[in-house]
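This report concerns only the one structure given below.
In the UniProt record's numbering, the protein residues as written are 1 to 177.
In structure tokens, the structure reads:
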């Protein structure tokens, strides 16, 4: 499989408040590259978000803005690319929120949610949170809510599903946005 696993962390509840992003690039079912960046949002940090991911306003004070980061990652978001995320509605919502906020063109691409695919294929676990699925599958996740660790874990989940269930059940869950 070829895909890019995506993960965002946000400064607060606003969808345009991305404060970090990570991409894990998979080609021929092998992780071949990574991208990670802190992002300086144009909004304040909410204490609860900081408590979850540990990123503060001070951490991002010299970081690029979302439009600067988008210039680097935009090539991964094309019609022929498959973008994967664990809880895709959240990460896709952050991407769309940032693009709308900065008046950048919305790309079209294929999507697959590893929460949804793991729910369909791994039914014996109590929930399908990232850490629960990783624990069940023996996938290391030492720093949950670090965007790069989470995107790597998401990629590993999909690779596990491909290896154990094949691509046919996964193809049925791919959507185009």
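The beta carbon of each residue, even a glycine, is placed where N, CA and C say it ideally should be.
Close Cβ partners of residue i (< 6 Å) along its chain, the five nearest in sequence each way excluded
i, result
"residue 8", "18, 21, 91, 94"
"residue 1", "29, 162"
"residue 142", "none"
Residue burial classification, residue i (beta-carbon count within 10 angstroms, cutoff 16)
i, result
"residue 160", "buried"
"residue 150", "buried"
"residue 70", "buried"
"residue 32", "exposed"
"residue 40", "buried"
"residue 15", "buried"
"residue 128", "buried"
"residue 49", "buried"
"residue 152", "buried"
Beta-carbon proximity check, residue i vs residue j, cutoff 7 Å
i, j, result
"residue 38", "residue 23", "no"
"residue 35", "residue 67", "no"
"residue 86", "residue 145", "no"
Continuous beta strand (DSSP E) stretch holding residue i: start and end
i, result
"residue 34", "30-38"
"residue 18", "18-27"
"residue 9", "3-10"
Close beta carbons around residue i, own chain, < 7 Å, minus the five adjacent residues each side
i, result
"residue 78", "107, 109"
Close beta carbons around residue i, own chain, < 8 Å, minus the five adjacent residues each side
i, result
"residue 84", "3, 4, 5, 6, 111, 112, 113, 114, 154, 155, 158"
The alpha helix (DSSP H) enclosing residue i, as first and last residue numbers
i, result
"residue 174", "Segment: none, residue 174 is in no alpha helix (DSSP H) and carries neither H nor E."
"residue 83", "From DSSP, residue 83 is part of no alpha helix (DSSP H) but of the beta strand (DSSP E) over 82-85."
"residue 75", "Residue 75 -> no alpha helix (DSSP H), and no H or E assigned at all."
In chain order, which beta strand (DSSP E) runs of at least 3 residues are fully inside the region 102-162?
-> 110-113
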